[in-house]
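Peer 1: Shown below is the structure under consideration.
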Amino acid sequence: MSAKVRVRFAPSPTGGLHLGGMRTALFNYLFARQNGGDFILRVEDTDQTRFVAGAEEYILDCLNWCGITPDEGPHAGGEYGSYRQSERKALYRQYAEQLVAQGNAYYAFDTPEELEQKRTETLNFQYGHTHRNELRNSIFLPVKEVHDLLDAGTPHVIRIKMPVDETIGFTDMIRGRVNFETSQVDDKVLLKADGMPTYHLAVVVDDYLMKITHAFRGEEWLPSASVHLLLWEYLGWKNEMPQWAHLPLILRPDGHGKLSKRDGDIFGFPVYAMNWTDPKNGELTQGFRELGFLPEAFVNLLALLGWNNGTDQEIFSLEELTEQFSMDRISKAGAQFDFEKAKWFNHEWIKQSSASNLISDVIPVLRAHDIFAENHPQLKKIIDLVKDRCTLLTDFYEHSAYFFQKPAENSIDWPSIQPKWNDAKTDFFIAFIQKSQEIEGWNAANIETTFKALVVEKGIKISEVMLPFRIILVGGKFGPAVFDIAEVLGNQEMVERIEFALSILSR
Ligand code: GLU
21 MSAKVRVRFA PSPTGGLHLG GMRTALFNYL FARQNGGDFI LRVEDTDQTR
71 FVAGAEEYIL DCLNWCGITP DEGPHAGGEY GSYRQSERKA LYRQYAEQLV
121 AQGNAYYAFD TPEELEQKRT ETLNFQYGHT HRNELRNSIF LPVKEVHDLL
171 DAGTPHVIRI KMPVDETIGF TDMIRGRVNF ETSQVDDKVL LKADGMPTYH
221 LAVVVDDYLM KITHAFRGEE WLPSASVHLL LWEYLGWKNE MPQWAHLPLI
271 LRPDGHGKLS KRDGDIFGFP VYAMNWTDPK NGELTQGFRE LGFLPEAFVN
321 LLALLGWNNG TDQEIFSLEE LTEQFSMDRI SKAGAQFDFE KAKWFNHEWI
371 KQSSASNLIS DVIPVLRAHD IFAENHPQLK KIIDLVKDRC TLLTDFYEHS
421 AYFFQKPAEN SIDWPSIQPK WNDAKTDFFI AFIQKSQEIE GWNAANIETT
471 FKALVVEKGI KISEVMLPFR IILVGGKFGP AVFDIAEVLG NQEMVERIEF
521 ALSILSR
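Residues 21 to 527 (the numbering used here) are what the sequence shown spells out, left to right.
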């Protein structure tokens with residue numbers, strides 16, 4: 021029987037969560053769900069210099085917002101904790117020492133200054149097979165000196181000893197066979213002077229101890245796989261090594277290079293899932309959520325950055341993705357990010373979402389403009405009437421404000437009605453006010469019938485009064501069917517708006 025599928029999303033809590041990180045989380049999640057497996061969140065916080073307070077909670081909030089909640093993790097708990105690497109610190113040294121004892125790793129006592137000096141003296145310096153024999157480490161120094169240094173508590177790191185001239189490789193689930201020449205890889209640090217493991221050691225030890233079976237991560241980690249492969253082998257765990265899938269890069273809109281947060285600033289679109297405030301300088305970076313994206317749309321657009329189901333279908337719910345996700349349809353080539361397309365996804369999702377689903381997102385959008393719509397009896401109807409026009413959730417303000425507030429006098433498009441205004445129109449609207457008050461059953465169809473009958477009775481053209489009617493009610497040439505608007509406004513509000521317009525137009 022094969023082992024239960026266990027995947028991990030292993031971010032470093034160093035700041036906002038980028039689209040690429042979210043997509044990695046999503047693909048891990050989809051694979052776990054599809055295979056009845058576990059989705060684990062592991063916080064890789066061993067680099068104390070890059071640690072940022074609040075980033076871990078932020079990552080969890082982003083995952084929850086998208087509905088891809090971990091089964092195990094620092095908050096969910098689980099049998100394989102702790103799920104924060106900094107809290108597992110004591111665990112890693114023994115493995116590093118094991119590697120030293122086996123001759124696969126060594127102590128290195130070089131100070132940062134000595135290494136800096138070496139770098140300035142030596143062109144393209146690499147701490148590896150070409151130079152390790154001339155540096156202050158346990159390969160080069162006499163055994164006695166090494167013992168003395170260790171006994172004296174001299175700060176040191178443990179480095180992997182990369183073999184010379186070997187070709188090593190593995191089969192990536194997306195890329196197929198990937199090979200590395202060991203001589204080209206430097207002797208990476210495994211355990212730092214502060215006793216913390218580096219990413220390389222921690223990722224291997226934890227994937228092993230947490231029984232990870234498959235690991236999806238960004239293509240930028242592919243070069244590191246050479247070191248990881250050797251560690252799996254040297255630690256004697258090769259048969260339990262997870263299957264890796266290195267996901268294609270997400271590229272800038274112009275296709276040139278990897279999409280970075282800076283590109284978002286330059287091109288003017290978000291790169292983070294949610295708003296992120298850098299605690300160091302208070303700088304706020306806007307996220308997709310706050311810009312007005314639905315989580316369904318965000319998940320959908322992430323999935324299509326490098327995956328498709330082989331048809332033209334582009335709209336997928338999380339459930340559909342879970343059913344249809346397949347490794348063999350993940351592309352090797354980088355996926356170009358297109359913000360216009362991202363907005364298209366959101367528009368489609370807003371259109372197909374029910375008013376009940378949208379209501380909790382729309383209320384705060386309106387509240388930000390001092391419209392307190394939560395108790396409005398027609399709120400769902402209003403959402404249904406305008407949602408097709410909204411690309412972002414924030415657009416609900418612009419497209420529905422007139423239902424809640426009378427258009428301000430200076431915002432009404434008078435130039436589109438005033439030049440052609442005449443007594444016949446005044447007469448029509450005065451009569452319409454009266455007739456409207458006699459309508460039994462206030463609904464769009466009845467309002468329309470009354471309006472049109474009056475047009476015939478007055479012998480005017482419908483086109484002469486339809487546009488003025490709309491502009492009087494909403495302030496401009498926009499909005500859904502005008503009789504629907506009148507229905508939602510109610511008779512009294514409609515009459516007030518017409519009377520106000522007549523008072524201005526007859527001046
Ligand atoms: N901590 C790494 C990151 O920040 C994880 C890479 C991996 O999944 O191996 O993305």
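A virtual CB, placed ideally from N, CA and C, is assigned to each residue, including glycine. As the structure is a computational prediction, the values presented were derived from the model and not from experiment.
1. Check whether the Cβ of residue 64 sits closer than 8 Å to any heavy atom of the ligand GLU, and report yes or no.
2. Residue 238 bridges to which residues according to DSSP?
3. Closest to residue 325 by C-alpha separation, out of 75, 61, 353, 289, would be which residue?
4. Measuring CA to CA, which of 44, 88, 33, 41 is closest to residue 75?
5. Which complete beta strand (DSSP E) runs does the region 26-57 hold, if anything under 3 residues is left out?
6. Pick helix, strand or coil for residue 64, following the three-state DSSP scheme.
7. Please report the straight-line C-alpha distance between residue 118 and residue 78, rounded to a whole angstrom.
8. Taking the alpha carbon of residue 299 as the point to measure from, which residue in 476, 30, 24, 36 has its own alpha carbon closest?
9. Put residue 439 into one of helix, strand or coil per three-state DSSP.
10. Going by DSSP in three states, residue 282 sits in which element: helix, strand or coil?
11. Excluding the 5 residues preceding and the 5 following residue 359 in the sequence, name in chain order all residues of the same chain whose CB lies nearer than 6 Å to its CB.
12. In or out: residue 376 buried (at least 16 other Cβ within 10 Å) or exposed?
13. Any heavy atom of the ligand GLU inside 8 Å of the beta-carbon of residue 93?
14. Leaving out five residues on either side along the sequence, give the residues of the same chain with a beta carbon under 6 Å from the beta carbon of residue 145.
15. Under DSSP, the beta strand (DSSP E) around residue 126 begins and ends at which residues?
16. So, with DSSP's three-state summary, where would you put residue 384?
17. Which stretch, first to last residue, makes up the alpha helix (DSSP H) that contains residue 226?
18. Less than 9 Å between the beta carbons of residue 368 and residue 335, yes or no?
19. Roughly how many angstroms lie between the CA atoms of residue 266 and residue 227, to the nearest whole one?
20. Looking at the structure shown, is residue 112 part of a helix, part of a strand, or coil, going by DSSP?
21. DSSP has residue 277 in a bridge; who is on the other side?
22. So which of 128, 29, 201, 263 has the shortest CA-CA distance to residue 194?
23. Select from 209, 330, 211, 182 the residue whose C-alpha is nearest the C-alpha of residue 200.
24. Can you tell me where the beta strand (DSSP E) with residue 201 in it begins and where it stops?
25. Assuming residue 424 and residue 396 form a contact by the criterion Cβ under 8 Å, report the distance between their Cβ atoms to the nearest whole angstrom.
26. Would you kindly work out how many angstroms separate the C-alpha atoms of residue 488 and residue 379, rounded to a whole number?
27. Taking the C-alpha atoms as reference points, what is the distance between residue 112 and residue 229?
28. Hey, residue 159 and residue 268: beta-carbon distance below 9 Å or not?
29. Using a 10 Å radius around the Cβ and a threshold of 16 neighbouring Cβ atoms, would you call residue 133 buried or exposed?
30. Taking residue 187 as part of the alpha helix (DSSP H), name the residues at either end of that continuous run.
31. What residue range is occupied by the uninterrupted alpha helix (DSSP H) comprising residue 524?
32. Taking Cβ to Cβ, would you say residue 478 is nearer than 9 Å to residue 443?
33. When we look at the beta-carbon of residue 366 and count the other beta-carbons within 10 Å, is it buried (16 or more) or exposed?
34. Near residue 521, which residues of its chain fall below 6 Å by C-beta distance, leaving aside the five closest residues on each side in sequence?
35. For a quick check, are the C-beta atoms of residue 178 and residue 120 less than 9 Å apart?
36. If I follow the unbroken beta strand (DSSP E) through residue 179, where does it start and stop?
Peer 2: Well, looking at it:
1. yes
2. 267
3. 353
4. 33
5. 26-29
6. coil
7. Taking the straight line from one Cα to the other gives about 36 Å.
8. Residue 299 has its Cα closest to that of 36, out of 476, 30, 24, 36.
9. helix
10. helix
11. 289
12. exposed
13. no
14. 138, 139
15. 125-128
16. helix
17. 219-229
18. Yes.
19. 16 Å
20. helix
21. Beta bridge pairing from DSSP links residue 277 with no other residue.
22. Here the closest residue by C-alpha is 263.
23. 182
24. 196-201
25. 7 Å
26. 31 Å
27. 11 Å
28. no
29. exposed
30. From DSSP, residue 187 is part of no alpha helix (DSSP H) but of the beta strand (DSSP E) over 187-192.
31. That run of the alpha helix (DSSP H) goes 511-525.
32. no
33. buried
34. 492
35. yes
36. 177-180
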